[in-house]
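Numbering (this note's numbering), first residue to last: 1 to 274. We put the CB at the ideal spot given by N, CA and C, even for glycine. To start, the structure itself, in structure tokens.
In structure tokens form, the structure reads like this:
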């Protein structure tokens, strides 16, 4: 694991577990993190990189959302000020794989927006619910980047326990920032086109699932959903990574178990009848 520079005072760290991301902003001898990786081992390695190798002290940790695979560093850096959206407990309690040992009450919570001046950068924290109700985007104009958390997963989205329409809206808001670099909650940095790629995936998987749900077939729903290849949903010219393939399969499981796109199927059928 290493810190990859995004600028003279901004670094990106990609963890081993879940390919979770931490973005590091440096101001003199102090560091601010946006998210803090997904395992105790990764967070400990991050501490070595920042504290031992860079000689910085982590003062602030901003959580894009309060899921365990993004907040491991809260316990690794116990003296850092933790900032989250007011709905952080809602997200923590409803996630699929909760790790209670990573939980720490944030000292600062906000509702709509707040700004942090950190060195030459102004970090604009904006409530942007999508994958979770507490999701925020961190817009940093001076670094030409936005941290979007799990509102995207690479060139796709993850649908479990989420409203697809809300995810679409969240990605649309992130596009309005117009930043050249997008930092997802997993996999690292992307060009701005990743947002359109994620929207394309969302539209295509919705269209495929609605068509399947509308069919009156004897074959099981699970087997029909399993036939949806990620290639059937990706934007033109995009090749799926192994990580994206894994989460596409998780999407197909969640779609069946959680009834995702059932309402969309009903609305599409109603429109046809009308």
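- Unbroken beta strand (DSSP E) runs of no fewer than 3 residues, entirely contained in the region 129-185, are found at 136-140, 145-149, 181-184, following chain order.
- DSSP places residue 50 in no alpha helix (DSSP H); its state is neither H nor E.
- Approximately 5 angstroms separates the beta-carbon atoms of residue 71 and residue 102; this is inside 8 angstroms, confirming the contact.
- For residue 200, the enclosing alpha helix (DSSP H) starts and ends at 193-214.
- Taking C-alpha positions only, residue 170 is separated from residue 141 by approximately 18 angstroms.
- Within the same chain, Cβ atoms closer than 8 angstroms to the Cβ of residue 98 are found at 68, 92, the five residues on either side in sequence being excluded.
- Here the C-alpha atom of residue 1 lies approximately 18 angstroms from the C-alpha atom of residue 7.
- CA-to-CA, the gap between residue 166 and residue 129 works out to about 7 angstroms.
- When the Cα atoms are used, residue 232 and residue 162 turn out to be separated by approximately 22 angstroms.
- Comparing C-alpha distances from residue 249 to each of 271, 269, 225, 267 shows the shortest one belongs to 225.
- Counting the other Cβ atoms within 10 Å of the Cβ of residue 146 gives 16 or more, which makes it buried.
- Spanning the alpha carbons of residue 27 and residue 244 requires a straight line of approximately 34 angstroms.
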